[in-house]
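Structure first, then comments.
Numbering (my numbering), first residue to last: 58 to 451.
Written out as C-alpha cells, the structure is:
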C-alpha cells in the first residue's frame, strides 16, 4: 500500500499535533509501510525508515506558525494542498492519510485520484475556532461544522485521538469505521533521552526544594496564569519549592517573567524556554510533582500519557481534557482556581501516602491500558481494515 500523508503543521516541532504525526509515522514504519509526507516548509527533518518528507516551497514572509487557526496557516495550506494534488497526479497512491484541516480537501482528492481516505481527527476544528478566538462569526463556525461532518461522512475510515472525539463520532456517525488511538507513544522511541545533559537544566540550582514541573506550550488554554497564581498560594505555606516551567516562545516567556517579578515570585519560579524533546525526560527525573493546569479544551494533553509512566505524582485540573484519562486514583484533580490547584500541590508534597498511592496506580494504568504495544495493535487494526477495503475495491 502506497501512502501519501498530508500534515498541515510545522513538522517537526515539539508540540501537540506534530508529535502525533511523528508517532503515527513511526508506527507505520514499524509495520512496514512506506509513506510520502507532505508538510510545511517549517520544521526539523526527522529520519524515519520508509518515510520521505516533501515540503512546500519556502514562503519568505512565514518563518514560524502559531498553534491553532491563523491567516498564515490558510496561506500555507493553499501551497500544501497544491503540492499534494501534484503528487497524487504524478504518483500512484492507494491511500490518502490526512491530519486536521487537510481532511476537508482529503475527500475531494481521494475521489479525484482514486484512493482511500483515512482522516486522522486530532480535534474538532469548529471548536478550535472558538478556543483560539479565531472568530466569533456564527456563520463561519457553522460552515466548519458542515465541512467537518462532510469529511467524516465521506472518509473511508477515521482515527480519533481521545475518548471525547471518539464518542462524538460514534454518536453522530455510528456506521463510520472509527478507531480510538490515544497518543500514548513515548518520545524516547524517536529521540534519545539526554537525561542530565541539558545545558538549561544544569543552570537550575536547587537546595533541597521540591521541584514542581510544567512542560508544554504557553498558549492561553494551558493555564500558565493559573499555575503562577497557585505558586503564590503554595509559597504562603512553604518556601521550599521551585516551580520549573519548560516551554514557551521567547515573547511568552518574557511576559510571564515580568508577571512573576511583579508578584515577587522570581525566587520560586524558573523558566527554561523551549527545549529539545530529548531533554524532557531529564527534567521529569529531577522533579517531585508534575502539573497540568489546562483550563479549557477537550483533547487529552499528550504529556499526560508519559506522566502516567513517569513514577512522579500528577496534579491536574478536573476537566474533561484530563478526566477522560485521569481520575482520583491516579492523580490529584482540582478545581480551576489558584487556591484549589495550590492545595492539590501541597497535598502531594505533605502526604506521602497519597503521593505513593497515585503514583503506583498511575504506572499500573499506563501499563495496562496505554502501552505502546496497544498503540501498534490499534494502528494495525485500522490498516487491516483499509487493506480489505482496497482488496474489495480492486
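A virtual CB, placed ideally from N, CA and C, is assigned to each residue, including glycine.
Distance, residue j Cα to residue i Cα
| i | j | result |
| --- | --- | --- |
| residue 137 | residue 411 | 50 Å |
| residue 261 | residue 337 | 14 Å |
| residue 409 | residue 131 | 50 Å |
| residue 342 | residue 334 | 14 Å |
| residue 314 | residue 345 | 22 Å |
| residue 428 | residue 364 | 13 Å |
| residue 265 | residue 322 | 18 Å |
| residue 377 | residue 386 | 16 Å |
| residue 108 | residue 65 | 16 Å |
| residue 288 | residue 295 | 10 Å |
| residue 73 | residue 396 | 28 Å |
| residue 405 | residue 384 | 15 Å |
| residue 304 | residue 114 | 28 Å |
| residue 199 | residue 168 | 25 Å |
| residue 358 | residue 77 | 11 Å |
| residue 426 | residue 435 | 12 Å |
| residue 225 | residue 81 | 22 Å |
| residue 413 | residue 431 | 26 Å |
| residue 268 | residue 243 | 23 Å |
| residue 86 | residue 440 | 12 Å |
| residue 117 | residue 126 | 20 Å |
| residue 447 | residue 407 | 58 Å |
Residues near residue i by beta carbon distance below 7 Å, same chain, minus five either side
| i | result |
| --- | --- |
| residue 416 | 368, 369 and 370 |
| residue 316 | 285 |
| residue 307 | 330 |
| residue 69 | 75, 79, 100, 101 and 103 |
| residue 220 | 237 and 381 |
| residue 110 | 94, 96 and 102 |
| residue 325 | 288, 292, 298, 299 and 300 |
| residue 272 | 303, 304, 337, 340 and 360 |
CB contact flag (residue i, residue j, <8 Å)
| i | j | result |
| --- | --- | --- |
| residue 166 | residue 140 | no |
| residue 274 | residue 122 | no |
| residue 372 | residue 402 | yes |
| residue 178 | residue 238 | no |
| residue 240 | residue 362 | yes |
| residue 301 | residue 292 | no |
| residue 487 | residue 83 | With the chain covering 58 to 451 only, the question about residue 487 has no answer from this structure. |
| residue 133 | residue 61 | no |
| residue 158 | residue 197 | no |
| residue 388 | residue 423 | no |
| residue 88 | residue 437 | yes |
| residue 161 | residue 204 | yes |
| residue 208 | residue 163 | yes |
| residue 347 | residue 433 | no |
Collapsed DSSP secondary structure at residue i in the structure displayed
| i | result |
| --- | --- |
| residue 174 | strand |
| residue 330 | strand |
| residue 399 | helix |
| residue 349 | strand |
| residue 76 | helix |
| residue 61 | strand |
| residue 300 | strand |
| residue 93 | strand |
| residue 204 | helix |
| residue 423 | helix |
| residue 238 | coil |
| residue 371 | strand |
| residue 394 | coil |
| residue 270 | strand |
| residue 389 | strand |
| residue 325 | coil |
| residue 81 | helix |
| residue 295 | coil |
| residue 29 | The shown model of the chain, from 58 to 451, leaves out residue 29, and the question about it has no answer. |
| residue 339 | helix |
| residue 431 | helix |
| residue 261 | coil |
| residue 243 | coil |
| residue 310 | helix |
Sequence-distant residues of its chain with Cβ nearer than 8 Å to residue i (five each side left out)
| i | result |
| --- | --- |
| residue 374 | 280, 283, 349, 350, 351, 352, 390, 391, 392, 393 and 398 |
| residue 443 | 58, 152, 173, 175, 213 and 214 |
| residue 210 | 230 and 233 |
| residue 319 | none |
Residues near residue i in its chain [Cβ-Cβ closer than 6 Å; skip 5 each side]
| i | result |
| --- | --- |
| residue 119 | 129 |
| residue 67 | 97, 99, 100 and 122 |
| residue 63 | 95, 141, 155 and 159 |
| residue 356 | 180 and 219 |
| residue 276 | 124 |
| residue 263 | 299 |
| residue 150 | 59, 61 and 172 |
| residue 310 | 328 and 330 |
Proximity test, residue i beta-carbon vs the ligand GTP heavy atom, cut-off 7 Å
| i | result |
| --- | --- |
| residue 94 | What this structure holds is no ligand at all, so the ligand GTP is not there to describe. |
### Query
Where in the region 97-166 do unbroken runs of the beta strand (DSSP E), each at least 3 residues long, occur, reported from the N-terminal end onward?
Complete beta strand (DSSP E) runs here, min 3: 108-112 and 152-156.
### Message
Please give me, in chain order, every unbroken run of the alpha helix (DSSP H) with length at least 4 that falls completely inside the region 206-235.
### Response
220-229
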